[in-house]
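The structure under discussion appears below in the form of structure tokens.
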Amino acid sequence: LLPALVVFAYLALVLYVGIFAFRRSTGRAEDFFVANRSLGTAVFLLSLFATNMTSFSILGSSGLSFRLGIGVFGLMASTSALILPAALFIIGTRLWAIGKKYGHMTQVQIFRDRWEMGHIGTVIFALQALMLIPYVIIGVMGGGETLEGVSGGRVPYWLGGAVVALVVMSYVFFGGMRGTAWVNALQSCMFLVVGTIAFVIIARGIGGFGPTVRAMEATLAGPRPVQSDGALLTRMRIPPGLYASYLLIPLSSIMFPHIAIFCLTARRMGSFRKTVIFYPLCILILWAPAVLLGTVATRQPAVVAKMAATSDTVQQWLDRKAGPGPKGDFLRLETLLADSADPAARALLADVRAGAVAYAHDLGERMATLDDPPLRAEMRQLALTNQDSVMLALLDHFSPPLLAGLLGAAIMACVMASDSQILALSTMWSQDVFTYYGHTERLGERAQIWSARAFVVVLTIVAYLVALAVHQYATIFEIAVQYAFAGYASLFPVMAACLFWRRSTKWGALAATLWIITCLAGNTWAQLATTYAGPPGGATPLLKLGDLTLFQREGTRITFTEWRMLLVVPMFAGSVLLMWAVSLATRPPAAATIARYFPSRGDGQATVTRG
Amino acid sequence: VPTTPTPTTPTPDPVRPTRRRPGRSIVALLTLAFALLLALRHDYWNWDTPRPLLFGFLPVGLWWQVLLTLLASALMAIMVRVAWPAHLEDQALEAERRHPDP
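If you read the sequences in order, they're chains U and X.
So for the first sequence, my numbering puts the first residue at -19; every next one is plus one.
So for the second sequence, my numbering puts the first residue at 96; every next one is plus one.
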């Protein structure tokens, strides 16, 4: 229980920091939403990094590495290390300058001003909000999983999620952007420093990476290398088309409202300089250890046993003290325990039936001692259904309790990046809807801030309830990629056209937005209406054009063509095409408006108005 | 001999001329370098093998990508040094100077 207590102490600390920031606030809207555009370089870098590193970055990446191997680093991390700093350099600096010049606080405010649009901006707001909410849900899910993991199942998922949601809601509610930025900077320090210590300790615990990696490599000589442990040291399990299509995903970063809004908080544009240089290094420090540890964890039977023990299926089995499930079927694990030649296995089953094994943690400890090959294979299958718990299982097994608590707190720091998304959504609500439709003018600035705070409360409660409902249906990684990442990456052409193409129009932006909405709706429908029942790693065609497969159904997602590309590829291509074609076919904004955003050299200040 | 300071009238802040945009040839070269790094990310020749192992435990599919990440940081440092869009900051600060917040 000590690790859980350390995590609770950490939560109390971030709550204090957030509320301390509240005491520094001026009560003005610009202070609550963008910290009065006053963040210095260090806080800007650390906070931006924490904002972009979510539970997905540490739990999702190590979990996916447990399934796919070291290729996960190239899949997302190195691409992000290239594209995100470049996007900050090219787009982020321009957003900062425009925000400074015209007082904008959201992307939709910029679109409305640049393209002379009204309700179309509301459509873009609705799409952005719809795509960001899953991201918030992921944060709550990660919080619940983390507390459940570090407490060995004593703090249940629903309670852990509730505690995290409450803490995040509180400091966003009181501290606004300043509180969120300070907490995020603290979180970055936490997971970079403590994460590095964890890596060293776990590496020593497993006896060094060299022997483990060489043992895994030796399995490649077997008859089915793709299914061997050695495949995790290669990219055999990642389809090349899928790998290539991940190139588009990091474009989503600068389109996420919480990142774009964060670009407006810097005191000087110089804050971007160190950020773009050091950002790739921060990614490296966090992702490389997470991927390597997730990969080698597959050779740690005790870790695999703990992951299996904390899977939903086994938790439910434990809760009902073994026996048949709701459909009358027995868990295969129970059958194997009963039939095992190992007396310890049969003794364990008897204890579960007698209710003597109450917690998943205790079950994991007992299962880790079993040395029966069929049981080990089954545990591995169960662990794969709970892949995101791999990092927590490693910590639980290899770290002393106090350090495990600190590391749990570091993971919690990643998980709690949902604070920025909640704040961003409330900022968008306040600026793009409340103020745009005249309520601030009528009711005043205080009412605007309180409307944002009310939005924070409602959003957090909704996110928590959804996180409870969808927990067992999909992994953190899949939800994030399918909805938020693909959608925001496909909005990138809209932002690029806004900032760099004079001839672009609001109708082009609307067409691209509607295209993305259609794709997301189609994807959701296809996910719900179809299933894949073939062997693991396979796919069933969904839509064919002659011999060419356009879309196919896989286990957890819909993919594009037989190269198994992510849906972001057709979504992005359609967005570019529609933005271009519809803009050319419609009337551009007034010349004076275009001149404000594309000043000729030397007359950039001629028509500036702010407010 | 002590001198009496003469009263001076406050002078307005000098308006610093807007700094120049980065040259097109520099931008083209940096774009090319960036595209090269993106292309190198697709190291399909390393797909099915962990060899060569770096330090005896890092598979090539990992250390190659780590190397690219380090190169990305180096490229960003060069971009910041030779192609920083300082003109944007000058325009924004000038706008703020002319129209400060109430």
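Every residue gets a Cβ at the ideal spot worked out from N, C-alpha and C, and that includes glycine.
My output table needs one value for residue i: the three-state DSSP class, helix, strand or coil.
i	result
U/Pro281	helix
U/Arg533	strand
U/Phe540	strand
U/Lys301	coil
U/Thr349	coil
U/Pro579	coil
U/Leu525	strand
X/Ala178	coil
U/Thr566	coil
U/Thr520	strand
U/Gln207	helix
U/Arg4	coil
X/Trp142	coil
U/His593	Given that chain U is displayed from residue -19 to residue 591, the structure contains no residue 593 of chain U and the question cannot be resolved.
U/Gly344	helix
U/Phe252	helix
U/Asn366	coil
U/Val337	coil
U/Ala224	helix
U/Lys307	coil
U/Met111	helix
U/Pro219	coil
X/Gly118	coil
U/Ala321	coil
Candidates the options: which alpha carbon is nearest residue i's?
i	options	result
U/Leu55	X/Arg192, X/Arg146, X/Trp142, X/Met174	X/Trp142
U/Val283	U/Ser369, U/Leu272, U/Ala30	U/Ser369
U/Val413	U/Gly308, U/Thr245, U/Thr86, U/Val173	U/Thr86
U/Gly185	U/Leu273, U/Ser5, U/Tyr417	U/Leu273
U/Ile441	U/Ile117, U/Leu19, U/Gly101, U/Ala340	U/Ile117
U/Leu316	U/Arg300, U/Phe252, U/Met347	U/Met347
U/Thr126	U/Val144, U/Val173, U/Arg360, U/Leu261	U/Val144
U/Ala397	U/Thr31, U/Tyr(-4), U/Arg8	U/Thr31
U/Tyr43	U/Ser168, U/Ala321, U/Thr365, U/Asn503	For the record, residue 43 of chain U in the displayed sequence is Gly; it is not Tyr. Taking only the C-alpha atoms, the option nearest U/Gly43 is U/Thr365.
U/Asp351	U/Ala325, U/Leu546, U/Glu96	U/Ala325
X/Pro145	U/Arg482, U/Ile229, U/Arg215	U/Arg215
U/Pro516	U/Ile218, U/Leu403, U/Lys524	U/Ile218
U/Gly514	U/Leu530, U/Gly535, U/Lys524, U/Leu494	U/Gly535
U/Ala165	U/Gly20, U/Arg537, U/Ser580, U/Asp11	U/Gly20
U/Asp376	U/Ala565, U/Ile574, U/Trp543, U/Glu128	U/Glu128
U/Gln367	U/Gly49, U/Thr6, U/Ser5, U/Ile(-1)	U/Gly49
U/Phe0	U/Gln401, U/Glu421, U/Tyr151, U/Ala321	U/Tyr151
U/Lys301	U/Gln280, U/Tyr416, U/Leu343	U/Leu343
U/Thr573	U/Met559, U/Ala565, U/Arg483	U/Arg483
U/Arg537	U/Ile497, U/Ala553, U/Leu508	U/Leu508
Does the distance from the C-beta atom of residue i to that of residue j stay below 7 Å?
i	j	result
X/Phe259	U/Phe189	Residue 259 of chain X lies beyond the stretch modelled for chain X, which goes from 96 to 197, so this question has no answer here.
U/Val271	U/Val52	yes
U/Phe234	U/Ala67	Note that residue 234 of chain U is Ile in the sequence shown here, rather than Phe. Their beta carbons are under 7 Å apart, which means U/Ile234 touches U/Ala67 by this criterion.
U/Arg94	U/Thr245	no
U/Val14	U/Met170	no
U/Ala570	U/Ile263	no
U/Met287	U/Ala390	no
X/Val122	U/Arg253	no
U/Gly388	U/Pro(-17)	yes
U/Phe258	U/Leu28	no
U/Ala466	U/Val548	yes
U/Ser291	U/Leu212	no
U/His238	U/Ser400	yes
U/Ala340	U/Gln280	no
U/Leu107	U/Thr529	no
Pull the bridge partners of residue i from the DSSP assignment, please.
i	result
U/Thr192	Paired residues: none, contrary to the question.
U/Phe545	Looking at the sequence provided, one finds Met at residue 545 of chain U rather than Phe. Looking at the DSSP assignment, U/Met545 forms a beta bridge with U/Phe540.
U/Ala246	U/Leu19
X/Leu149	X/Leu153
How about residue i: is its Cβ closer than 6 Å to a heavy atom in the ligand GTP?
i	result
X/Thr126	Among the components modelled here there is no ligand, and therefore nothing to report on the ligand GTP.
task: Just list the alpha helix (DSSP H) runs in the segment 442 to 517 of chain U, keeping only unbroken ones of 4 residues or longer that don't cross its boundaries, in chain order.
output: With a minimum length of 4 residues, the continuous alpha helix (DSSP H) runs that stay inside the segment 442 to 517 of chain U are 456 to 459, 466 to 480, 486 to 509.
message: Going residue by residue through the segment 116 to 148 of chain U, where are the continuous alpha helix (DSSP H) segments of at least 4 residues, counting only ones entirely within it?
response: Within the segment 116 to 148 of chain U, not a single complete alpha helix (DSSP H) segment reaches 4 residues in length.
task: Output the residue ranges of the alpha helix (DSSP H) runs that lie fully inside the segment 407 to 434 of chain U and measure 4 residues or longer, sorted by chain position.
output: With a minimum length of 4 residues, the unbroken runs of alpha helix (DSSP H) contained wholly in the segment 407 to 434 of chain U fall at 419 to 423.
- request: Entirely within the segment 370 to 411 of chain U and at least 4 residues each: give me those alpha helix (DSSP H) ranges in chain order.
  value: For the alpha helix (DSSP H) assignment, the uninterrupted runs of no fewer than 4 residues enclosed by the segment 370 to 411 of chain U are, from N- to C-terminal side, 370 to 378, 381 to 395, 398 to 408.
query: When you check each C-beta in the segment 117 to 148 of chain X against every C-beta of chain C, which residues fall closer than 9 Å?
result: In the structure shown, chain C cannot be found, because the protein chains are U and X.
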